[in-house]
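Peer 1: Read in the numbering used here, the sequence shown has 35 at position 35, and its numbers run on one by one without any break. Just so you know, even glycine gets a beta-carbon here, dropped at the ideal spot from N, CA and C. Sharing a structure below in structure tokens format, with a few things to ask.
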Amino acid sequence: LDQTLQRAESAERKIQVMGLEKKDFFVNYRTVVDERTALEQSLDELTRARYELSQRLNDAQNDTCRMKKQTIDMNDEIHKRVSEMSGFEQRLDAISRENVA
Numbered sequence: 001l002d003q004t005l006q007r008a009e010s011a012e013r014k015i016q017v018m019g020l021e022k023k024d025f026f027v028n029y030r031t032v033v034d035e036r037t038a039l040e041q042s043l044d045e046l047t048r049a050r051y052e053l054s055q056r057l058n059d060a061q062n063d064t065c066r067m068k069k070q071t072i073d074m075n076d077e078i079h080k081r082v083s084e085m086s087g088f089e090q091r092l093d094a095i096s097r098e099n100v101a
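Right, here's the structure in full:
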């Protein structure tokens, strides 16, 4: 009878230990699931931030191209006006020489 009682007590302790281990397992599992969820949310946020930064970079590159074209067009216009001014000055000099002569 004593042996049976000791076995029963030993089995009961093992059941209690297994219950605690099971509880610890589920606590740890819940922690891992929560961490995974937080990681996935962080990855989603990073993906959105990367997309937004890519869009901003693309917009900046488009602005740079537009400004370069505008600068080239303005430079061409300046050269054209300088050429026209030079021709105007030559005609003015020619008229002035004709008037002096």
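Please report how far the alpha carbon of GLN6 lies from the alpha carbon of VAL27, in whole angstroms.
Peer 2: Locating residue 6 in the sequence shown gives position 6, where the first residue counts as 1. Locating residue 27 in the sequence shown gives position 27, where the first residue counts as 1. So the alpha carbons of these two residues sit roughly 31 Å apart.
Peer 1: If you draw a straight line from the alpha carbon of GLU45 to that of ARG36, how long is it in whole angstroms?
Peer 2: Taking the sequence shown and counting its residues from 1, one reaches residue 45 at position 45. Taking the sequence shown and counting its residues from 1, one reaches residue 36 at position 36. Going by the C-alpha atoms only, they are around 14 Å apart.
Peer 1: List, from N- to C-terminal side, the alpha helix (DSSP H) runs of 4 residues or more that fit wholly inside the stretch 22 to 88.
Peer 2: Runs of the alpha helix (DSSP H) inside the stretch 22 to 88: none found.
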